[in-house]
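Heads up: the sequence shown begins at 1305 in this note's numbering, then just goes up one per residue.
Heads up: the structure comes next, in structure tokens.
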Amino acid sequence: MLKGIAASNGFAIGKAFLMTKKGIHIDEEKAESMDDELNRLRDTVSKTLVELDNIYNKTKIDIGDKEAMIFESHKMMLEDPEYIAHIKKNIQEKQHQVPYAIQKATDFYVDIFEKMDNPYMRERAVDIKDVADRMIRISLGESTEICHLTDQVILIARDLTPSDTAELDKSKVKAFVTQVGSTTSHSAIMAHSMGIPAVVGCQLVDKISDGDLLIVDGFTGNIIINPEKKVIQAYERQLETYQEEVKALKKYKPLRFNYTSGRHVSVAGNIGSIDDLELLLEQGTEGIGLFRTEFLFMGRTEMPSEEEQFEIYKHVAETMKDKPVIIRTLDIGGDKIIPYMNMPDEENPFMGLRALRLCFKEIEVFKTQLRAILRAGYYGNIHIMFPMIGAMDELLKAKTILETCKHTLLEQGIPLSNHLPVGMMIEIPAAAICARDFAKEVDFFSIGTNDLIQYTLAVDRMNVDVSGLYNPYHPGVLHLIQSTIQAAHEAGIWCGMCGEMASDIEATSLLAKMELDEFSVTGNAILKIKEQLSYQTNITVE
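So this is what it looks like as structure tokens:
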């Protein structure tokens, strides 16, 4: 059995198809005519832009807007004067032909990105290679299609570029396994959106031969090669059970719950873009407990304008109608880097200039977002939530800036909501300890368990050497969660949870005993959490 990183849930049983990209042999031949090569480069760039437009439109229709934005960033690379100038320099000064000039310029930038400490930025080297590969093939007059599948297969590759993933025929690809990549790679994100089980980072993928019968477990990252009949039968039963469970969960969609104490408990969803709304509504969400707005800022070369943000927030609010929509202000830093904001290179970014701290430094970015949220609040039940607060003066400063933006908009005659609830994330231990004080200043809490656990236990959950110490059920963590919920209730406000722990069915009973007011979970977990709530003795169905 091989082991990789589970990147997209699901099971698949099928034959392996080894995707071996046709190699491109590029000779370092001198260009006969510099003018001809420069014209050839212009033609190559033009044709590449057309192809990227086509794949962007296909991806937008087949997968979603967020995934399609990858190819917008690819187009921006072709419009980057520094990158194109580097290619031209190779032609003009070194007399390289276009394919070799592209390759050498690309190698230069790939080397820079692959040496970066931040894993997200390292993975962007794949995007550069993807664009360059497309350009080189076009300049040589070769096809960029990766394969023409006639049967259903499990795709095996060293890596899949965003282009490869977008061009996959979902009816033919049961799952895919790659040697490199992580859960944050574009191919993994797109596989999840497409509903294709995927395992990445399988170092021993070369042990798989073309035609091998495989079982791919997208939940555990396990890959079984040529399994025995009894193993296949066991997985087939597991797959059948899984499909039946998914179908059976639909009966929980309309259910609403109350604690026997009289408090309502809701199940809401987390989103990163408007593309996530459909799944949440299909699953019976009671609202949006977390709108991660940082994804609107990523995968582009400049900050989204106030108008662009307003239209997105307004669309979400109108789609959800009277259901609450909690918009978290920009939470970047740590593992979420935005190059165009000139973020500092820090030794410990998770403890550094991130989230609200960065917003205070980039005050116009912060005000632009706040104005957009305030304007959108007129069109629905929008709540605003500040992340990464550890001290009272941070919360008060954020509220003051919000009020300033509100008065500016009112003076301009822009219609606003009469009341826009303001809340804060509880993700720093100091905030949990001082929850009673903070509760006097906000309308609600939302516990961000991912960071709360990490900071409480001093454990980097992404570090394999210590990830075993990352324990949501540590007594210290549970004490902070319970005391935060109690502080909220004593102050007459509600307390939700939007971290991964909220989606963990093993934690539902414990959190219900604490009378957590809202479980804000991933779209696929909504019905599972509703099922678990229906079993609790201190909960009744409305």
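By construction, the Cβ of each residue, glycine as well, lies at the ideal position given by its N, Cα and C atoms.
- Rounded to the nearest angstrom, the gap between the Cα atoms of T1348 and I1317 is 41 Å.
- A contact between stretches requires three or more CB pairs, one per stretch, nearer than 8 Å, and the stretch 1737-1747 meets this requirement with the stretch 1783-1793.
- With three or more CB-CB distances shorter than 8 Å, the stretch 1610-1625 counts as touching the stretch 1682-1689.
- Rounded to the nearest whole angstrom, the CA to CA distance from G1780 to C1802 is 19 Å.
- When DSSP states are grouped into helix, strand and coil, Y1563 belongs to the strand group.
- Here A1389 carries a helix assignment [DSSP, helix/strand/coil].
- Within the stretch 1737-1796, the complete beta strand (DSSP E) segments at least 3 residues long are 1748-1751, listed from N- to C-terminus.
- Under the rule that a run must span 3 or more residues, the beta strand (DSSP E) segments found entirely inside the stretch 1595-1634 read 1628-1632.
- Across the structure, Y1774 and E1804 are spaced so that their CA atoms are roughly 12 Å apart.
- Between the stretch 1476-1495 and the stretch 1454-1467, the count of C-beta pairs closer than 8 Å reaches three or more; the two stretches touch.
- For T1844, the pairing in a beta bridge is given by DSSP as N1562.
- Per the Cβ contact rule, the stretch 1332-1352 is not in contact with the stretch 1517-1525 (fewer than 3 Cβ pairs under 8 Å).
- Shown here, G1573 sits in a strand according to DSSP, grouped into three states.
- Straight across, the Cα-Cα distance linking K1832 with N1313 is about 15 Å.
- If the five residues before and after D1747 are omitted, its C-beta is found closer than 7 Å to the C-beta atoms of P1725, V1726, G1727 and I1797, all from its own chain and listed in chain order.
- DSSP places V1550 inside the alpha helix (DSSP H), whose first and last residues are K1533 to A1552.
- Here G1515 is exposed: its Cβ has fewer than 16 other Cβ atoms, across all protein chains shown, within 10 Å.
- When the alpha-carbon of I1688 is set against those of E1698, E1668 and H1723, the nearest one is in H1723.
- In this structure, the alpha-carbon of T1564 lies about 12 Å from that of S1838.
- Setting aside the 5 residues that flank it on each side, L1353 is surrounded in the same chain by K1379 and L1382, each with a C-beta closer than 8 Å to its C-beta; the list follows chain order.
- Ranked by Cα distance from E1707, the first of A1372, A1734, F1670 and M1647 is F1670.
- The C-alpha of K1478 is placed about 6 Å away from the C-alpha of Q1456.
- Within the model, the alpha-carbon separation for A1795 versus K1744 is close to 7 Å.
- Of all C-beta pairs linking the stretch 1409-1420 to the stretch 1429-1441, three or more are shorter than 8 Å, placing the two stretches in contact.
- For the pair of segments examined, the stretch 1749-1761 was found not to touch the stretch 1697-1714: the number of CB pairs separated by less than 8 Å stays below three.
- Per the coordinates, the alpha-carbon of L1453 lies some 15 Å from the alpha-carbon of A1470.
- Here A1736 is buried: its Cβ has 16 or more other Cβ atoms, across all protein chains shown, within 10 Å.
- With respect to L1594, R1632 sits close: the two C-beta atoms are nearer than 8 Å.
- Here M1692 is near A1659, since their CB atoms are less than 8 Å apart.
- Taking a contact to require three or more Cβ pairs closer than 8 Å, the stretch 1530-1544 and the stretch 1814-1829 do not qualify as touching.
- Secondary structure at D1521: strand, using DSSP grouped into helix, strand and coil.
- A residue is called buried once 16 or more other Cβ atoms fall within 10 Å of its Cβ, and M1338, having fewer, is exposed.
- The C-beta distance from Y1360 to E1376 rounds to 6 Å, short enough to fall under 8 Å.
- By a beta-carbon distance limit of 8 Å, I1630 does not contact I1578. Their separation comes to about 15 Å.
- For E1822, there is no enclosing alpha helix (DSSP H); the residue is part of the beta strand (DSSP E) that begins and ends at E1822 to V1825.
- Per DSSP, the unbroken alpha helix (DSSP H) holding M1805 starts and ends at E1804 to S1807.
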